[in-house]
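K.L.:
Residue numbers (numbering that gives the first Met the number 0), protein chains in the order written: chain F, 0 to 756; chain S, 0 to 756. Starting off with a structure, shown below.
Number of protein chains: 2
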Amino acid sequence: MTATEPRTTKTTSSNGANGNGHQIGRSVQRIDSLDKVTGRAKYANDLHLPGMTYAVFLRSPHGHARIKSIDTSEAEKLHGVVAIIHADTLARDMASVVEDEIHASRRVVKLFPSVGETVKYQGTKVAAVAAVTREIAEEACERIQVEYEILPALIDVRESIKDTAPIINEPSTPADPVADGPWAGLALRNVAGQNHRADGDVEAGFKAADRVFEDTYVIPRAHQTYIEPHVSVADVAMDGKVTVYTSTQGHFAVRSNLANSLRMPLSKINVVGMTIGGGFGAKFGGIVDAYSVLLAQKALRPVKVTYTREEEFLDARPAPGAVIHVKTGVKNDRTITARQVWALWDTGAGSGGCGSTSRVKGVYKIDNFKMDAYDINTNKPAPGAYRAPGAPQATMAGETQINKICTEMGWDPVEFRIQNMREGEQLAFRETLKAVADKAGWSTRQKSDNEGWGVAVGEWTNGGGPASAIVSLHEDGKVRIFYGLMDITGTDTAMAQIAAEVLGVRYEDVSVVRGDTDSAPFGTASGGSVVTFSFGNAVKRAAEDARNRVLEQAAEHLEASVEDLELADGKITVKGNPEASVSFAQVGQMALRSKGGPIVGRGSFASEPSATTIAAQIAKVKVDPQTGKVDITELYNSLDVGKAINPMACEGQLEGGLVQGFAWGLMEQMVYAPDGRNLNAGLLDYRIPTALDFPDIATVLVEEPTKNGPFGVKGIGEPPIAPGVACLISAVADATGKWIHEVPLTPERVLKAMQGA
Amino acid sequence: MTATEPRTTKTTSSNGANGNGHQIGRSVQRIDSLDKVTGRAKYANDLHLPGMTYAVFLRSPHGHARIKSIDTSEAEKLHGVVAIIHADTLARDMASVVEDEIHASRRVVKLFPSVGETVKYQGTKVAAVAAVTREIAEEACERIQVEYEILPALIDVRESIKDTAPIINEPSTPADPVADGPWAGLALRNVAGQNHRADGDVEAGFKAADRVFEDTYVIPRAHQTYIEPHVSVADVAMDGKVTVYTSTQGHFAVRSNLANSLRMPLSKINVVGMTIGGGFGAKFGGIVDAYSVLLAQKALRPVKVTYTREEEFLDARPAPGAVIHVKTGVKNDRTITARQVWALWDTGAGSGGCGSTSRVKGVYKIDNFKMDAYDINTNKPAPGAYRAPGAPQATMAGETQINKICTEMGWDPVEFRIQNMREGEQLAFRETLKAVADKAGWSTRQKSDNEGWGVAVGEWTNGGGPASAIVSLHEDGKVRIFYGLMDITGTDTAMAQIAAEVLGVRYEDVSVVRGDTDSAPFGTASGGSVVTFSFGNAVKRAAEDARNRVLEQAAEHLEASVEDLELADGKITVKGNPEASVSFAQVGQMALRSKGGPIVGRGSFASEPSATTIAAQIAKVKVDPQTGKVDITELYNSLDVGKAINPMACEGQLEGGLVQGFAWGLMEQMVYAPDGRNLNAGLLDYRIPTALDFPDIATVLVEEPTKNGPFGVKGIGEPPIAPGVACLISAVADATGKWIHEVPLTPERVLKAMQGA
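Now the structure itself:
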């Protein structure tokens, strides 16, 4: 999975205008690489506080059941237990530490079901124990007696909507009957949310079509499978101040969550974001931190919560599955006249997600579009974000059908897409698709028996979020960035490059320090592809603020005007007079004796519009006709990154996202028994790909700059996961002649399709 | 030692111009008080790192000796020893971790004497051992065999200068013969430094005098006796990055010291300043941190150094003693015609200090002044700073003689001083002396038998140093200061008040976080009375920077112009329209969604001229004629503080400094045997006062603002220690009729004087 391919660079001069152009666009070693490979990086589980205790959860073994009683008396007798909490003790225990009863009771609702209430998925937390060892806490959990009344469970959204289905979240009234499509006339049950949209007139569009296609696509739940599980250590001081050390994508988000769920003032909470071993959208807080804090408040000792891998599968927030029905009309002139979509999203015991259905429309000019999308409850945990939330599912439906249409109509799927793609300022849809097609040699592609090619694209627009940074120049001429950024993917490295670029020093002379929420200025969480866009702007502004002071100081020393100076190679020089220069180290030292003092710049950014990007992917597969096993033999991959700050890191992002998308299509699925039990809650049974499962990936970075991104950057973390499922299905169809509408494409499923079942 | 007296406030309106005037000038609870009284504050010795080991030093038992051999072989065999270092192993051991041999050898020179070199004071570090327990390290030290050739020692500067004295620091050539005074014609030996000054023509001045006075004053070494001894914990990562947790007045100073002494790049060192339990000038680094780092580098495990109290006396950096000869000419019109001074400062095995002799001139208009001052080596540790370095010693000589002159001439010492004091802008010498005289009822003072009154003043001008601060507004409307300030005396509290004042929020809504040298912007060390002056300016500027953003954000929201807004009581209001307002919390939240992003202000400051202040003190004593015991019965104290940010904290500073000055005069002294051994190396034998030794102190704060201090602040940490010794001697003279020229005024010494010895 390495790429050493040349990049398509559309712009350099216009974007290098703010710097010397040497430090960005440079493939540098990650700033955290040495810490990580030497084991020096501190993950939350590496933390050992004096007197620390260990938490274990008592979880429901049932997918759906009513709690009849909870008895902790035997557990409380166990020597070494320091705190036991569950819903009915919580209001009592915690009343003294919160300001009023309303707040105390609010906690209960969110964190545990009470006696008389139901557990809605296997693994629901029923109680938590902290003890001086994990083993004692486990034994205490075993001693807690919980009586359940088992209820019928729902694990398929197509069952949940039926008018005979049990209701998961009472009270619940059926939705208005669906107007048309696969569920026409049905008043859906267990609807947790819905999203409807209508552009133009789909009926007229379908009438104008020469041909109408209609399919149902099914995609299961997938798990983000970050390497590091959830870990949280809470420490409560005598004055009530809470310090939480946690594995999170956003420590400020954890602080807000805790303040809200525990009704505490923000100023009483300090969150230390430890080195994170992956998140992919699952680690914004809410799963573990409130429990470690509540236990620590009760025990008056530090408490560590470490999820097991099984707990990650039972009670984290994986990506939702979906059933998506798509209908598309096309004319013989290769235009799309209408597209309509109906979708049921498996939202487990929670809600949210179905809005992503609008991504089925894709990157195309379609005047008539209509969607009716529903969040449907099942007896599974609530879903969460996974890289580009909802995009792989919606893109599977939209892009697979585009390919199917092209196949049946005899059109080239690359040419068809290029003809129908939206255009606009800051967009490079066509260039991106052409780049990957050129790379793959699409127009002259070859295949043997049982081989096939697939292509798909997925779009994404990065978010923006509030970010701040401090950039200071030290006496040794080195530059330091201080902020509240949680680096998951190498963003600290990009920030160092941006500061180096602005200041005219080497990347190697910039170091980066992350502060906790007490010390760092506010930083948005690392998700939504916001980081390089938002923090990049904050760091750029902070570096510019520092640069102004550097120039003033140098101008005074060199007896020149600021306009006559240039910054490069770690020094400030009078233009046209290379002899007249002063080094950054000298300026850093002079500043300490100057009226202005030490050189410290600050920069903040919140939200400005970003521009849409697409990931375009091409795969070649070979299908074993005896077993149905799919081998991916070639992979091509392009993305419009706006501007590649660290091309090597961009390539890593693209390849990682691509693999996650294809893996969802090829092998990943969370499997549930009819009673709601998860049947593959561990990495032995939930298969994720290894390096041997994928070929090398050829990657092309396209650079169409945005106006508002630093140096033109677009957020790129999420888009590469979007097209994979559709690309894989289409390649398998090209190899086998069979369109399979449900993933993953396990050998069994492919073989069955090839056998015409 | 409490004071609840009204204050003389000269200015408020002019200085409150930048704020609402409610948050400064307010006596508030110290921001760190709860942490300290509940034991939550983390001192360096509270730190326990996994795998930590403990260091013990092998020290010279001799005051002056040549090292003939060092044999560590038996110590190395001891199980549990992880590192042994001494001069001759150091170059070899450390060559691999430094860049070149020159650097490696530089370390050796500074840190240990080599075989063949001499130890110059008892307690000189000869070797250091780290082991898994302190007991094992102690045993290892006992097993190290060091052979010494004992040399004659010098403990009195008057002996060191003689032409028969042994030389302590070879090579050494005698100084040019002294021109006049007590050591006229002598080519002084063991001179480590000298300082000469001549204003006007002293010979002419003495000729013009009606009367000339001449005395020799002798003051011993005193120890700063901070509660917390030196502690340093060093941790070295695999990549060589050093983290030091230490008790210091300046963590950036420790970083620089380590970088210099260990020849390491600044960026490879992070210093965490832990809560400090007192420093008084002794904790700027150099005594322990280099050793903990060297041991940790060798052991590849964390190493903790904790000084014992005995080690603090043997091998820290106490205040130098001095022998000061003063000659002053006065006319009958109460003017001073000339003053000349010759001084020998006991600089131990080091150098520095004698420049303070110029303080003998005092706060008076004296056209003709001459001084010849020498640093003289003795077999004692090098001295360091103690509060106002050199001021108590010089002021003892200068101010005692002023009082003696007044007594002999029949002049009132308050009136004489007021007549002769310098005047100038930003100075309030006379007002300060008058304030304390009024407070004490000087003009109508009474005394019984064996009672006496003394008065003295001491001047000081605070330094300035580079400082930076970050002030941010959070979503809950709270304000946070982040910086690299080591708070010893309550300065964090003053900084919170300054930020609150500028922003118009309550002091209680501001919190303060100290960063380590990796995360905080540069901050000067806490010494030289610089903190409230320098950091106060940095915080004020940072708060103003944040305020600009607050006002912009509020103006946009309120549809008003920035000029029409006012900040007070945690909200921003349109002037004249109290209904039109927005809270800080709202602004903090809006900023996160605004184009400008989170509100973060930065401020830096370096050096601007400050103005001189004086401390004026009056004491009443009663002397027991049978025993010579001196009881201080009344104490009055005033200081020109410029502007009292937190009057309660100012009073604490004044009282603490006063007590240290009087204690030096009354009881404190480091006592040495002729062979250089310290005879009172512990708090059982080195007496410091308790609360029972002093009466309540009446304190008056005078406020003559400086131009460059924030809100007019002058640095006040140091001046109150200056006048005490002179004030006490003079009060005892008033009680006994005897001028005693040497302190401390132990009962023996006073009784001997009363008996005419």
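All residues carry an ideal CB built from backbone N, CA and C; glycine is no exception.
What would DSSP say about residue 35 of chain F, mapped onto helix, strand or coil?
P.N.:
Translated into the one-based positions of the first sequence, residue 35 of chain F becomes position 36. Residue 35 of chain F falls in the helix class under three-state DSSP.
K.L.:
Hey, is the segment 539-558 of chain S in contact with the segment 457-472 of chain S, meaning 3+ C-beta pairs nearer than 8 Å?
P.N.:
yes
K.L.:
For residue 420 of chain F, which beta-bridge partners are listed by DSSP?
P.N.:
Here residue 420 of chain F refers to the residue found at position 421 of the first sequence. DSSP, once it has assigned bridges, lists F/363 as partnering residue 420 of chain F.
K.L.:
When the cut-off is 9 Å and only beta carbons count, does residue 591 of chain S lie next to chain F?
P.N.:
As a working note, residue 591 of chain S is residue 592 in the second sequence. Interface residue, yes.
K.L.:
Who are the neighbours of residue 263 of chain F on chain S, taking C-beta pairs under 8 Å?
P.N.:
Counting from one through the first sequence, the residue named residue 263 of chain F turns up at place 264. Under the 8 Å cutoff, chain S gives no residues; its nearest Cβ is about 11 Å from residue 263 of chain F.
K.L.:
Distance cutoff 9 Å, beta carbons only. Does residue 555 of chain F sit that close to anything in chain S?
P.N.:
Taking the first sequence and counting its residues from 1, one reaches residue 555 of chain F at position 556. Not one chain S Cβ lies under 9 Å of residue 555 of chain F.
K.L.:
Report the three-state DSSP secondary structure of residue 560 of chain S (helix, strand or coil).
P.N.:
Looking up residue 560 of chain S in the second sequence gives position 561. Looking at residue 560 of chain S - three-state DSSP - the assignment turns out to be coil, as it is neither helix nor strand.
K.L.:
Kindly indicate the opening and closing residues of the beta strand (DSSP E) around residue 601 of chain S.
P.N.:
The sequence position of residue 601 of chain S within the second sequence is 602, counting from 1. Residue 601 of chain S -> beta strand (DSSP E) spans 599-604.
K.L.:
Indicate whether the contact test is met: 3 or more Cβ pairs, each with one atom in the segment 369-376 of chain F and one in the segment 182-197 of chain F, closer than 8 Å.
P.N.:
yes
K.L.:
Is the Cβ of residue 535 of chain F closer than 9 Å to any Cβ of chain S?
P.N.:
Counting from one through the first sequence, the residue named residue 535 of chain F turns up at place 536. No, residue 535 of chain F does not count as interfacial toward chain S.
K.L.:
Could you check where the beta strand (DSSP E) with residue 344 of chain F kicks off and where it finishes?
P.N.:
On the first sequence, residue 344 of chain F is found 345 positions in, with the first residue counted as 1. For residue 344 of chain F, the enclosing beta strand (DSSP E) has its first and last residue at 335-347.
K.L.:
Roughly how far, in whole angstroms, is the beta-carbon of residue 269 of chain F from the beta-carbon of residue 517 of chain F, given that I think they are within contact range, below 8 Å?
P.N.:
In the first sequence, residue 269 of chain F corresponds to position 270, counting from 1. In the first sequence, residue 517 of chain F corresponds to position 518, counting from 1. Going by Cβ atoms, the distance from residue 269 of chain F to residue 517 of chain F rounds to 4 Å, so yes, they are a contact pair.
K.L.:
Is it the case that the Cβ atoms of residue 428 of chain F and residue 362 of chain F are separated by a distance below 9 Å?
P.N.:
Locating residue 428 of chain F in the first sequence gives position 429, counting from the first residue. Locating residue 362 of chain F in the first sequence gives position 363, counting from the first residue. Yes, these two residues count as a Cβ contact at 9 Å.
K.L.:
Alpha helix (DSSP H) containing residue 85 of chain S: first to last residue?
P.N.:
The residue labelled residue 85 of chain S in the question sits at position 86 within the second sequence. Per DSSP, residue 85 of chain S belongs to no alpha helix (DSSP H); it is in the beta strand (DSSP E), 80-85.
K.L.:
With DSSP collapsed to three states, give me the class of residue 478 of chain S.
P.N.:
Here residue 478 of chain S refers to the residue found at position 479 when the second sequence is read from its first residue. Correct three-state label for residue 478 of chain S: strand.
K.L.:
Does residue 39 of chain F come within less than 9 Å of chain S when only Cβ atoms are used?
P.N.:
By 1-based counting over the first sequence, the position of residue 39 of chain F is 40. Yes - at least one Cβ of chain S is within 9 Å of the one on residue 39 of chain F.
K.L.:
What are the residues of the segment 464-484 of chain F that lie near chain S, defined by any Cβ-Cβ distance shorter than 7 Å?
P.N.:
465, 466, 467, 469, 471, 473, 474, 475, 477, 481
K.L.:
Could you give the first and the last residue of the continuous beta strand (DSSP E) run that contains residue 696 of chain F?
P.N.:
As a first step, residue 696 of chain F is located in the first sequence; it is residue number 697 there, counting from the start. Residue range 696-701 is occupied by the beta strand (DSSP E) that includes residue 696 of chain F.
K.L.:
Evaluate residue 227 of chain S with the Cβ neighbour count: other Cβ atoms within 10 Å of its Cβ, from every protein chain shown; 16 or more gives buried, anything less gives exposed.
P.N.:
Residue 227 of chain S sits at position 228 when you count from the first residue of the second sequence. It is buried - the Cβ of residue 227 of chain S has at least 16 other Cβ atoms within 10 Å.
K.L.:
Could you spell out where the beta strand (DSSP E) holding residue 496 of chain F opens and where it closes?
P.N.:
As a working note, residue 496 of chain F is residue 497 in the first sequence. That residue, residue 496 of chain F, is in no beta strand (DSSP E); its alpha helix (DSSP H) goes 490-502.
K.L.:
Measure from the C-beta of residue 607 of chain F to each C-beta in chain S and report whether the shortest distance is under 9 Å.
P.N.:
Looking up residue 607 of chain F in the first sequence gives position 608. Under the Cβ criterion of 9 Å, residue 607 of chain F is counted among the residues facing chain S.
K.L.:
Look at the Cβ atom of residue 291 of chain F, then the Cβ atom of residue 221 of chain F, and state whether they are nearer than 9 Å.
P.N.:
One-based indexing of the first sequence puts residue 291 of chain F at position 292. One-based indexing of the first sequence puts residue 221 of chain F at position 222. Not a contact, by the Cβ cut-off of 9 Å.
K.L.:
Under 9 Å between C-beta atoms, does residue 526 of chain S make it to chain F?
P.N.:
The residue you call residue 526 of chain S lines up with position 527 of the second sequence. Taking Cβ atoms only, chain F never reaches closer than 9 Å to residue 526 of chain S, which makes this a no.
K.L.:
Roughly how many angstroms separate the alpha carbons of residue 446 of chain F and residue 413 of chain F, rounded to a whole number?
P.N.:
Here the question's residue 446 of chain F lines up with position 447 in the first sequence. Here the question's residue 413 of chain F lines up with position 414 in the first sequence. Going from the Cα of residue 446 of chain F to the Cα of residue 413 of chain F covers about 17 Å.
K.L.:
Measuring alpha carbon to alpha carbon, tell me which of F/523, F/534, F/264 ends up nearest residue 495 of chain F.
P.N.:
For the purposes of this step, residue 495 of chain F is taken as the residue at position 496 of the first sequence. Among F/523, F/534, F/264, the Cα nearest to that of residue 495 of chain F belongs to F/534.
K.L.:
Below 7 Å on C-beta distance, what does residue 47 of chain F contact in chain S?
P.N.:
For the purposes of this step, residue 47 of chain F is taken as the residue at position 48 of the first sequence. Here the neighbours are 49.
K.L.:
Since residue 312 of chain S sits in a beta bridge, which residues does DSSP pair it with?
P.N.:
Mapped onto the second sequence, residue 312 of chain S falls at position 313. DSSP, once it has assigned bridges, lists no residue as partnering residue 312 of chain S.
K.L.:
When we look at the beta-carbon of residue 487 of chain S and count the other beta-carbons within 10 Å, is it buried (16 or more) or exposed?
P.N.:
In the second sequence, counting from the first residue as 1, residue 487 of chain S sits at position 488. Classification for residue 487 of chain S: buried.
K.L.:
On the CB-based measure, 16 or more other CB atoms within 10 Å of its CB, does residue 652 of chain S come out buried or exposed?
P.N.:
Position 653 of the second sequence holds residue 652 of chain S. By the 10 Å Cβ count, residue 652 of chain S comes out buried.
K.L.:
Use the C-beta contact count for residue 202 of chain S: other C-beta atoms within 10 angstroms, 16 or more gives buried, fewer gives exposed.
P.N.:
For this step, residue 202 of chain S is matched to residue 203 along the second sequence. Flag for residue 202 of chain S reads exposed.
K.L.:
Roughly how many angstroms lie between the CA atoms of residue 689 of chain S and residue 25 of chain S, to the nearest whole one?
P.N.:
For the purposes of this step, residue 689 of chain S is identified with residue 690 of the second sequence, where counting begins at 1. For the purposes of this step, residue 25 of chain S is identified with residue 26 of the second sequence, where counting begins at 1. Residue 689 of chain S and residue 25 of chain S have their C-alpha atoms spaced approximately 29 Å apart.
K.L.:
Report the residues of the segment 203-237 of chain S with a CB closer than 8 Å to any CB of chain F, ordered along the chain.
P.N.:
Along the segment 203-237 of chain S, going in chain order, the ones with a CB nearer than 8 Å to a CB of chain F are 236, 237.
K.L.:
Over the uninterrupted beta strand (DSSP E) stretch that includes residue 663 of chain F, give me the two end residues.
P.N.:
Start at 1 with the first residue of the first sequence, and residue 663 of chain F comes out as number 664. From DSSP, residue 663 of chain F is part of no beta strand (DSSP E) but of the alpha helix (DSSP H) over 646-665.
K.L.:
State buried or exposed for residue 107 of chain S, treating a residue as buried only when at least 16 other CB atoms are found within 10 Å of its CB.
P.N.:
Here the question's residue 107 of chain S lines up with position 108 in the second sequence. Per-residue confidence for residue 107 of chain S stands at a pLDDT of 38, beneath the threshold of 50, marking its modelled position as unreliable; the derived number appears in the next sentence. When all chains shown are included, residue 107 of chain S counts as buried.
K.L.:
Confirm, please, whether the CB-CB distance from residue 249 of chain S to residue 526 of chain S is below 9 Å.
P.N.:
Walking along the second sequence from the start, residue 526 of chain S turns up at place 527. Walking along the second sequence from the start, residue 249 of chain S turns up at place 250. Yes, the Cβ-Cβ distance between residue 526 of chain S and residue 249 of chain S is below 9 Å.
K.L.:
Suppose the cutoff is 6 Å on Cβ atoms and the five residues either side in sequence are ignored; what does the same chain contact list for residue 489 of chain F look like?
P.N.:
Residue 489 of chain F sits at position 490 when you count from the first residue of the first sequence. Excluding residues within five positions, the ones whose Cβ falls inside 6 Å are 29, 648.
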